[in-house]
Amino acid sequence: MNFKYQLDKSSKKYYCPNCNKKTFVRYVDTQNQHYINAVDGRCDRESKCGYFKKPNNNKCVTSVISGNTFINKPTYHKASSVLQTINNCNTNNFINYLRQHFVPIDIKRVSELYKIGNTNYWRGDTVFWQIDDHRKVRAGKIMLYDCNTGKRIKKPYNHVNWMHKKLNLNDFVLQQCLFGLHCITKQESYKTICIVESEKTAIIMSIIFPSNIWMATGSKFNFKESLLLPIKNRQIIAYPDKSEYKAWLNVCSQLNTKGFKIICSKLVESSNINDGDDLVDICLENLTK
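The sequence shown begins at 0 in numbering that gives the first Met the number 0 and counts up one residue at a time.
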């Protein structure tokens, strides 16, 4: 169902009216592609801020528009763009963090499986490629980690960007998919798919529990039907971050009425960890004991 007002799908960000950080995604009018105002939208600082104001009277598009509605098709990255980022991992902070906890053969396996890359956008950065179930490259998410702690670098600003911005692809239409979606195969249809929020967590969990297929939403708000639709017929276990259990459980309940088969695990929520921590924090703590 298409609504008259939708969150902007581009990578543009504005100052949040609540926390005053430049992490605010505004609503656009799908009829003219103009922003509707400066207060309706969602802050990407999900746990720290959580501001989310929806427009009033957001009616279904079909009730206000007659005729055909134009739907933007996603833009895809070239396979060569992916290959250019996976040649040198020695300067990749995230890979160097993995080396502190895991053996080289496992790191090599997941690096190749998830096409972990790096660029020179920030020294030591990581590229998480979103490749869909048709092997089309939907997006490249650039992030920077501390090589010692494995935590994201958020000061003096949150180090997150996109490959299409780095490559100056101005007309790029970003339509995300689950990180790791390309890992599904018909030959392994018996495997359970596990969904987490963080790309980092999906990769580490695929080392610790390789018998399952691990994917990531990349955002707590991306745990939704449109991204999960390609795996609708699979057995799914969702592992929400600490403090996000109720929100994800609500999504699971709604989707299961539509034919999905999703179990929402309470493992993280019931653990004695900080809000915002996730499954990998529990597992690595146990591994180091």
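We treat Cβ as the ideally placed atom computed from N, Cα and C, and that holds for glycine. It should be emphasised that the depicted structure is a prediction, and the values quoted were computed from it without experimental measurement.
Below 8 angstroms on the Cβ atoms is my guess for residue i versus residue j; work out the distance and round it to an integer in Å.
i	j	result
CYS146	TYR189	37 angstroms between Cβ atoms; not a contact.
ASN91	ASN71	So it is not a contact: roughly 33 angstroms between Cβ atoms.
ALA215	SER197	6 angstroms
THR74	VAL172	5 angstroms
VAL27	LYS12	About 14 angstroms; that fails the 8 angstroms criterion.
TYR113	ILE202	6 angstroms
Name the one or two DSSP bridge partners that residue i has.
i	result
HIS76	VAL136
SER193	The sequence as given places Cys at residue 193; Ser does not occur at that position. Paired residues: TRP213, ILE236.
ASN317	Look at the range of the chain in this structure, 0 to 288, and you will see that residue 317 is not part of it.
PHE171	In DSSP, PHE171 forms no bridge with anything.
LEU6	TYR26
CYS42	PHE23
CYS263	ALA237
LYS165	DSSP output for LYS165 lists no bridge partner at all.
Please classify residue i: is it buried, with 16 or more other beta-carbons within 10 angstroms of its beta-carbon, or exposed?
i	result
GLN99	exposed
ALA37	exposed
ALA78	exposed
VAL184	For clarity, residue 184 is Thr in the given sequence; the question names Val instead. Label assigned to THR184: exposed.
LEU143	buried
ASN249	exposed
LEU266	exposed
PHE102	In the sequence under discussion, the amino acid at residue 102 is Val, which differs from the Phe named in the question. The residue in question, VAL102, is exposed, as its Cβ has fewer than 16 Cβ neighbours within 10 Å.
Any idea what DSSP makes of residue i, helix, strand or coil?
i	result
PHE220	helix
TYR113	helix
TRP128	strand
ARG98	coil
LYS185	helix
LYS154	coil
LYS52	strand
Validate contact between the segment 76-94 and the segment 176-187 using beta carbons, cut 8 angstroms, 3 pairs: no
The segment 221-229 / the segment 201-212 touching (three or more Cβ pairs under 8 angstroms): no
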